[in-house]
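For the record, in the sequence shown the residue sitting at position 3 is 649 according to this note's numbering, with numbers rising by one throughout.
No residue lacks a Cβ here, since even glycine has one placed at the ideal position from N, Cα and C.
These notes concern the structure reproduced below.
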Amino acid sequence: MEVEGEPLSPEEFRKDSGWQTVAARCSRTKSAPVEPAGAISTGANPNEGVAAQGRRDRGTAKAKIIRGGRKPPLPKDDVKIIDRPRGGLNTSKVGPTVVAEVIWYAVAIDSATRDSDTMCPNLQQNIMVVSTPSRENVTRYIKVECIAVGCQQHEVNAYEAAPHSTCKGVVRNIAPSDGPEELDCKIFTSKNPLALGAKRIKNTGTVVVVFDGYKVPNYVSCGGTLVRCTLYRKHVEV
């Protein structure tokens, strides 16, 4: 599973892991058998080969996920829309061309109008990436909330991706009471000349800020207060 972002707390992603893993490792270290006095050590750990093989396997699996998640080059100046199907719809099983057609049908764009648009599947993340130069088409795509595959309706989460030549930063502990407009007013100011927009992660105090260019500032002014800003990165869980 690929997760975009700064290493957020385990509670925000997986409630069943996190610090439990650290505690388990500490327990294993403490419970490791101690050699009796006078025993001769061979200097080799019989489990070392198994551990090394496990690391290699995890590295191979991670590389496969990253390769599978890479999409073909799309026009840089196009707007990218992410369509994420819900309700158990598996794009790989149904077929990306089928999913693309039902999205186009829901958007009500005919073949002539969509001639300049491109639909690119990302089967690893089970999403469809739409690339279009038309702002009118962008408005249509992001309004899609449901698609019909066969006789079954599936919800779709459609949103516009950050533009090309931008980067993302993460700021924390922002008052949850600040709504989207207030948040935008606090961050999109002359004190943050590179900031392009801000979006809160669900109902948390964590906010993602999009910056022009490829450099994330160390601090961001939020309503006049400087808060620490860290890079929003890609992570892969195997």
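Decide if residue i is buried, meaning its Cβ has at least 16 other Cβ atoms within 10 Å, or exposed.
| i | result |
| --- | --- |
| Gly-815 | buried |
| Asn-783 | buried |
| Tyr-878 | buried |
| Pro-731 | buried |
| Val-748 | buried |
| Leu-872 | exposed |
| Ser-757 | exposed |
| Thr-785 | exposed |
| Asp-763 | buried |
| Gln-771 | buried |
| Cys-875 | buried |
| Pro-767 | buried |
| Val-744 | exposed |
In the DSSP assignment, find the unbroken alpha helix (DSSP H) run with residue i in it and report its ends.
| i | result |
| --- | --- |
| Val-862 | Counting along the chain, Val-862 falls outside any alpha helix (DSSP H), and DSSP gives it neither H nor E. |
| Lys-832 | 826-833 |
| Lys-814 | Segment 812-817 is the beta strand (DSSP E) holding Lys-814; no alpha helix (DSSP H) there. |
| Thr-743 | 742-753 |
Confirm, please, whether the CB-CB distance from residue j to residue i is below 9 angstroms.
| i | j | result |
| --- | --- | --- |
| Arg-820 | Glu-806 | Sequence check: residue 820 is Ile here, not Arg. Result no, Cβ atoms of Ile-820 and Glu-806 do not sit closer than 9 angstroms. |
| Gly-870 | Lys-837 | yes |
| Ile-833 | Val-802 | no |
| Val-795 | Cys-868 | no |
| Ala-841 | Val-854 | no |
| Pro-742 | Leu-769 | yes |
| Asp-830 | Gly-851 | no |
| Arg-846 | Pro-822 | yes |
Give the range of the beta strand (DSSP E) segment to which residue i is assigned.
| i | result |
| --- | --- |
| Ala-841 | 841-846 |
| Pro-731 | 725-731 |
| Leu-877 | 871-877 |
Inter-stretch contact (C-beta, 8 angstroms, three-pair minimum) for the region 723-738 and the region 770-779: yes
Meets three-Cβ-pair contact criterion under 8 angstroms: the region 750-769 and the region 819-833: no
Length at least 3, wholly inside the region 763-803: the beta strand (DSSP E) runs in chain order: For the region 763-803, whole beta strand (DSSP E) runs of length 3 or above, ordered along the chain, are 764-768, 773-778 and 792-795.
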